[in-house]
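All remarks here apply to the structure that follows.
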Ligand SMILES: [Zn+2]
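So this is what it looks like as structure tokens:
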């Protein structure tokens with residue numbers, strides 16, 4: 010494809026955007042999120058009062074309820090390409106599973122945990138609203154973020170594409186949406 014520039018290792022380094030007609034440099038493999046989406050709508054004062062946020066954890070105490078979130082990686086297979094498209098996302102767990110995650114933080118073999126149910130709390134570019142999709146969160150070995158599999162509603166494009174994979178063209182469409 011002439012709209013892609015690849016490095017010596019074959020990875021996509023830059024691509025020509027169909028939205029603005031400029032070349033955008035990568036990364037074309039991973040799109041992160043520093044905090045759950047609702048954090049961007051909170052005032053500085055509310056954040057100080059109600060929020061505890063690290064690069065991996067988020068606890069929101071507000072209106073006599075507490076939400077427990079962790080950062081995880083959602084991967085979408087790219088057809089014909091070894092490296093998937095990865096998103097950093099935030100997922101909301103039960104208090105019990107959140108505490109379990111913390112208890113096992115440094116425990117070798119923790120990846121043998123059963124998946125935890127969680128709600129997706131990050132809006133992904135290139136998709137209809139992905140807030141509160143139902144997901145399974147799988148604990149990964151120590152040092153790795155958990156992986157997320159969206160499973161419901163089953164007709165949501167994210168669920169379908171995570172299951173079936175996407176083309177490189179669709180990958181670029183998603184990355185373009187993230188740039189604009
Ligand atoms: Zn662009």
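In the working numbering, the protein residues as written are 10 to 189.
In this text, a Cβ means the ideal position worked out from N, Cα and C, and glycines have one as well.
{"Check": "Ignoring anything shorter than 4 residues or poking outside the segment 111-174, list the alpha helix (DSSP H) runs there in chain order.", "Outcome": "166-173"}
{"Check": "May I ask you to check if the CB of residue 185 is nearer than 8 Å to at least one heavy atom of ligand 1?", "Outcome": "yes"}
{"Check": "Leaving out five residues before and five after residue 170 in sequence, what residues of the same chain have Cβ atoms less than 6 Å from its Cβ?", "Outcome": "85"}
{"Check": "Any chance you could list the alpha helix (DSSP H) runs of at least 4 consecutive residues sitting entirely within the segment 28-100, in chain order?", "Outcome": "53-59"}
{"Check": "Cα separation between residue 116 and residue 43?", "Outcome": "25 Å"}
{"Check": "Roughly how many whole angstroms lie between the Cα atoms of residue 35 and residue 22?", "Outcome": "5 Å"}
{"Check": "Quick check on DSSP: helix, strand or coil for residue 186?", "Outcome": "helix"}
{"Check": "Report all residues from its chain with a CB closer than 8 Å to the CB of residue 75; omit the five preceding and five following residues, and keep chain order.", "Outcome": "68, 69, 104"}
{"Check": "Give the straight-line distance between the Cα atoms of residue 184 and residue 102, rounded to the nearest whole angstrom.", "Outcome": "28 Å"}
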